[in-house]
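These notes are about the structure you will find just below.
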Amino acid sequence: MTTIAIDSSAVPAWDGDVARARDVQVELAGRVSLRDGFDKSLRTIAGFDVGFEEDGAITRAAAVLLDARTMQPLESHVARIDTVMPYIPGLLSFRELPALLRALTLLGTTPDMVFVDGHGIAHPRRLGIAAHFGVATGLPSIGVAKKILVGTASEPHQVRGAYVPLRHKGEQIGWLLRSKPKCNPLIVSPGHRVAMASAADLVMRYVTTYRLPEPTRLADRLASRRDAGKA
DNA sequence: GCGACAG
DNA sequence: ATCTTGTCGC
Numbered sequence: 023m024t025t026i027a028i029d030s031s032a033v034p035a036w037d038g039d040v041a042r043a044r045d046v047q048v049e050l051a052g053r054v055s056l057r058d059g060f061d062k063s064l065r066t067i068a069g070f071d072v073g074f075e076e077d078g079a080i081t082r083a084a085a086v087l088l089d090a091r092t093m094q095p096l097e098s099h100v101a102r103i104d105t106v107m108p109y110i111p112g113l114l115s116f117r118e119l120p121a122l123l124r125a126l127t128l129l130g131t132t133p134d135m136v137f138v139d140g141h142g143i144a145h146p147r148r149l150g151i152a153a154h155f156g157v158a159t160g161l162p163s164i165g166v167a168k169k170i171l172v173g174t175a176s177e178p179h180q181v182r183g184a185y186v187p188l189r190h191k192g193e194q195i196g197w198l199l200r201s202k203p204k205c206n207p208l209i210v211s212p213g214h215r216v217a218m219a220s221a222a223d224l225v226m227r228y229v230t231t232y233r234l235p236e237p238t239r240l241a242d243r244l245a246s247r248r249d250a251g252k253a
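Per this note's numbering, the first sequence starts with residue 23, numbered consecutively.
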């Protein structure tokens with residue numbers, strides 16, 4: 023088990039107050055660092071994603087630790103908890119973060135960089151689940167989403183690795199990255215301790231022949247119950 | 001007021 | 001996210 027200090031104050035219990043939750047997001051967004059604050063020579067990275075069981079009553083979070091050099095999975099874990107609240111656009115992290123943090127504690131090694139399925143700062147109040155995850159754990163994080171929540175962008179070229187900025191209210195909040203030709207682009211945004219200029223490159227480093235980068239792709243497979251097994 | 005809306 | 005087989009296109 024890792025001994026990562028999770029900031030409980032950054033993960034308030036859901037009390038049904040939407041307006042209040044949004045205020046909390048604005049405050050937590052103020053703690054996000056958009057400068058590279060990680061070891062240049064990454065040793066281990068991790069992917070996180072969430073799925074549901076029992077008609078949504080159970081939230082299932084998957085955490086996969088990989089060797090940053092070989093991209094080979096070193097550990098895979100699944101955490102199940104009772105679902106805490108329904109899905110509300112813009113408040114995704116309040117619903118899924120508790121399970122993700124539980125999965126994080128199952129890792130035997132603290133990852134140097136975390137990739138979360140969802141947005142980083144590409145969010146109405148700049149606190150998508152990846153950013154929230156970073157602030158709550160202090161770990162460098164990046165958001166890898168499949169669809170835009172807010173903002174507009176042009177179409178990135180069809181070549182693998184092409185990317186264009188995603189903007190919202192006059193500022194850049196992320197990138198549209200063509201990880202694979204003829205596939206819809208990924209929406210990549212910094213979570214915490216990662217610079218905008220580094221985000222797309224960091225994700226592309228772990229893309230092989232699939233649309234999703236290995237960390238998120240493997241976690242996705244574990245989170246959705248269509249998994250073949252372990253090792 | 002009318003849509004849009006990560007997973 | 002989830003319910004679900006085959007099928008069209010590269």
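Even glycine gets a Cβ: it sits at the ideal position worked out from N, Cα and C. Predicted model only: the values in this text are computed from it and were never measured.
| Item | Value |
| --- | --- |
| Contact the stretch 68-88 vs the stretch 99-112: 3+ CB pairs below 8 Å | yes |
| CA-to-CA distance, M226 to R44, given in whole angstroms | 32 Å |
| Any beta strand (DSSP E) of 3 or more consecutive residues that is wholly inside the stretch 99-163 | 135-139 |
| Test item: CB-CB of L122 and F70 under 8 Å | yes |
| Nearest-angstrom beta carbon gap, V181 and T238 [assumed within contact, 8 Å] | The pair is not a contact, with the Cβ atoms about 21 Å apart (cut-off 8 Å). |
| Proximity of I151 and E118 at Cβ, strictly below 8 Å | yes |
| Coil, strand or helix - T174 by DSSP | strand |
| First and last residue of the uninterrupted beta strand (DSSP E) at T81 | I80 to D89 |
| Beta-carbon spacing of I164, P212 below 8 Å | yes |
| Rounded straight-line distance, which links the Cα of L56 to that of L188 | 16 Å |
| For Q94, the residue or residues it bridges with in DSSP | None; Q94 has no bridge partner. |
| Whole-Å CB distance - G142 paired with G196, under 8 Å assumed | 7 Å |
| H179 burial status per 10 Å Cβ neighbour count (16 or more: buried) | exposed |
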